[in-house]
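S.K.: Residue numbers (this note's numbering): 2 to 375.
Got a structure here, written out as structure tokens. Questions coming.
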Amino acid sequence: MQLALAEIRRRRGRWASITGAVAFIVFLVLVLAALADGLFIGSTGALRNSDADALVYSVDGRRSLVRSQLPLAMRADVAAVPGVADAGALGVLLATATSADEAIDIAVIGHLPGHPGEPTRRSSGRPLGSGERFVGLADESLRDEGVALGDSVLLTGSSQPIEVVGFVSDSQYLLADTLWVTLETWQALRSEVRPETIGRGDVVQAIPFTVTDGVTVATVGSAVDAALGNTETVTTDEAILSLPGVEQQASTFTAIIAVSFVVVAIVIALFFALITLEKRGQLAILKAIGSSNILLLRGVLLQALIATVAGYGLGFVLSRLLAFVLPAAVPVEFLPRTALTLFVATIVMGALGAVFSFRRIVRIDPASALGGEA
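Below, the structure written as structure tokens:
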């Protein structure tokens, strides 16, 4: 161990270069992971932070809130299915709004206050009452657009402004700022903003529900579909992954991050392979005087650990500095659990790279090397 540390002290420049290479890769990985987390959080909050266990869609809606259409009366049928504790209703209206003369892309979500599907993270203001009209809860992201408690938001094409009476956090839908209103308000706004929907009756786009204790969501979901005949019931997690682009984004970023960690292992392996070639004579002497392969492996692993930890630390600091200069419009989220996961992955891949290069040390023959052939 002391020899491993002494080598690092004697050749600081060389070890700084490998640390810098690891730091650069870690920096890229952390930024990519933060972007992946930001896109996921900004796209899924409206469903992820509801208390619903599952959602019922129309069969032809293909698990899309925008495409799905269900009669509001079907909510009572869902609530009557054995195992359903409570049922709510959801509707989404994608529109443009103005507040203080500023244009905003917004998703107006209609729901039934006090029932599954409503936002659960109210940060300020008061909750909505059942049947209240033209008041709403705004996502915290709308504060960045200049919306404050008591302000009014007017949808393009609507004559009736919506007063913001409270704020909720982490409730965005497909990266759009959200405004949560009662189902009655959503229906009125939808008729004004989307006149082509007039005449379709009282409809909703999904029916979220919770299940009673002791039953599984899958069992109750199957019973709901069997009872109604023209619906598709999915768990909330499945509904989240069915949102446009969410699953594809997650798989793409995961693949890129995995490849980056393979590069970390390759960089470490090549570095130690070159070091081993350079030190063949010295390593032969150590083996000749009784140093075992296990002892030499410990030294290599220690050096790899120091390089990867230092590289991760430097990459972590650089990624956080970047966060201060990125514009607010870039959806990045630096989550502690992601940072911890990537730290463990960096250490593991660094160790694997060192072990892979260690094969050269095992093959060193002390007798031939000491004879001058090293």
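A virtual CB, placed ideally from N, CA and C, is assigned to each residue, including glycine.
This one's a predicted model, so the numbers in the text were calculated from it and none came from an experiment.
Give the range of the beta strand (DSSP E) segment to which L336 is assigned.
M.R.: L336 -> no beta strand (DSSP E), and no H or E assigned at all.
S.K.: Would you call the stretch 116-135 and the stretch 213-232 in contact, with 3 or more CB pairs under 8 Å?
M.R.: Flag = no, the stretch 116-135 and the stretch 213-232 do not touch.
S.K.: Going residue by residue through the stretch 129-162, where are the continuous beta strand (DSSP E) segments of at least 3 residues, counting only ones entirely within it?
M.R.: The qualifying runs are 136-140, 153-156.
S.K.: At which residues does the alpha helix (DSSP H) containing D396 begin and terminate?
M.R.: Because the chain is modelled from 2 through 375, residue 396 falls outside the range shown and cannot be assessed.
S.K.: Just to confirm, is the Cβ distance from L29 to V235 under 8 Å?
M.R.: Their beta carbons are not under 8 Å apart, which means L29 does not touch V235 by this criterion.
S.K.: Can V148 and V165 be called in contact, C-beta distance under 8 Å?
M.R.: It is a contact, given that the beta carbons lie within the stated cut-off.
S.K.: If we count Cβ pairs, one from each stretch, closer than 8 Å, do we get three or more for the stretch 344-355 versus the stretch 258-267?
M.R.: The stretch 344-355 vs the stretch 258-267: in contact.
S.K.: So the beta strand (DSSP E) G111 belongs to, where does it begin and stop?
M.R.: Element bounds for G111: 103-112.
S.K.: Just tell me which of T198, Y58, F41, T183 has its CA closest to the CA of E233.
M.R.: For the residues T198, Y58, F41, T183, the minimum Cα distance to E233 belongs to Y58.
S.K.: Considering only the alpha carbon of each residue, which of A256, G92, R64 lies closest to T183?
M.R.: When each option's Cα is compared against that of T183, the closest is G92.
S.K.: Considering only their Cβ atoms, is the gap separating S159 from L129 smaller than 8 Å?
M.R.: Contact: no.
S.K.: Terminal residues of the continuous alpha helix (DSSP H) containing T237?
M.R.: Element bounds for T237: 237-242.
S.K.: Considering T211, what are the terminal residues of the beta strand (DSSP E) in which it resides?
M.R.: Where T211 is concerned, the enclosing beta strand (DSSP E) stretches over 208-212.
S.K.: Can you tell me whether P120 is helix, strand or coil according to DSSP?
M.R.: Reduced to three states, the DSSP call for P120 is strand.
S.K.: Would G316 and L31 be called neighbours here (beta carbons separated by less than 8 Å)?
M.R.: For G316 and L31, yes; Cβs fall inside 8 Å.
S.K.: For A207 and V331, what's the separation of their Cα atoms in angstroms?
M.R.: Cα-Cα distance, rounded: 30 Å.
S.K.: State the beta-bridge partners of T347 as determined by DSSP.
M.R.: Bridge partners of T347: none, in fact.
S.K.: Between the Cα of A346 and those of V333, Q304, L327, T255, spot the shortest distance and give me the residue it belongs to.
M.R.: It is T255 whose Cα lies nearest to the Cα of A346.
S.K.: Taking only the alpha-carbon atoms, compute the straight-line gap between S18 and L113 and give it to the nearest angstrom.
M.R.: Cα to Cα, S18 sits roughly 59 Å from L113.
S.K.: In three-state DSSP terms, what is G92?
M.R.: Strand at G92.
S.K.: Thinking A96 and T157 are a contact (beta carbons under 8 Å), I'd like their distance in whole angstroms, please.
M.R.: Indeed, because the Cβ distance is near 6 Å, the residues count as touching under 8 Å.
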